[in-house]
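Note sheet for the following structure.
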Amino acid sequence: MTPDQIRLLQQSWAKVVPIADTAADMFYTKLFEMNPALQGLFVSYTAEQQRSKLLAMLGNAIGNLNNVEAIVPAVQALGQRHAKYGVRDRDYGTVAGALLWTLEQGLGAAWNNELKDAWVAVYTVLSGAMIDAAKTKAA
């Protein structure tokens, strides 16, 4: 990710924070609409707990993009936990779609191709680390 992408991501996240609970609800609604079978992966936590975990992880990741090494262990551990819950590699694509849709809806006129590209870049890096960690743990 470029410094400009990091700046865009952090600026856009600052706009999401005031609507974070609504955005999290939108995300999960869209995710389960896109793939209803994924609901079965979320039985260990209440919806409120899951929203809180999502927002904390995204906030931590976006807040530390200038120091990615600081978040890598947490991202890897998350990928390993997701594998235990039954998350498959292809599920990350569904999550990406739900996340991008949510950001587009939540940010409205602030959403553009440059911002989308930045979110795709960060999601690709984070999900790649999660998938790799899950595979390493499985091996």
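Using the working numbering, the first residue of the sequence shown is number 1351, and each one after it goes up by one. Ideal Cβ positions, reconstructed from N, Cα and C, are used throughout, including at glycine.
DSSP state of residue i mapped onto helix, strand, coil
i     : result
N1414 : coil
R1357 : helix
M1480 : helix
M1351 : coil
Rounded distance between the beta-carbons of residue j and residue i, thought under 8 Å
i     : j     : result
M1384 : A1448 : 6 Å
L1358 : A1468 : 5 Å
L1415 : I1356 : 4 Å
Problem - alpha helix (DSSP H) runs contained entirely in the segment 1387-1474, provided each spans 4 or more residues - result: Counting whole runs of 4 or more residues, the segment 1387-1474 contains the alpha helix (DSSP H) stretches 1397-1413, 1422-1435 and 1441-1457.
Exercise for the section: Answer yes if the segment 1405-1415 comes into contact with the segment 1467-1486, meaning at least three C-beta pairs across the two stretches below 8 Å, and no otherwise. Expected result: Contact check between the segment 1467-1486 and the segment 1405-1415: three or more CB pairs, one atom from each, fall below 8 Å, which counts as touching.
Practice task
Specify whether the segment 1398-1409 and the segment 1370-1386 touch according to this definition: at least 3 beta carbon pairs, one from each stretch, less than 8 Å apart.
Solution key: In this structure the segment 1398-1409 touches the segment 1370-1386; the number of beta carbon pairs closer than 8 Å is three or more.
Practice task
Give a yes or no on contact between the segment 1386-1394 and the segment 1419-1427, applying the rule of three or more CB pairs nearer than 8 Å.
Solution key: Touching, no.
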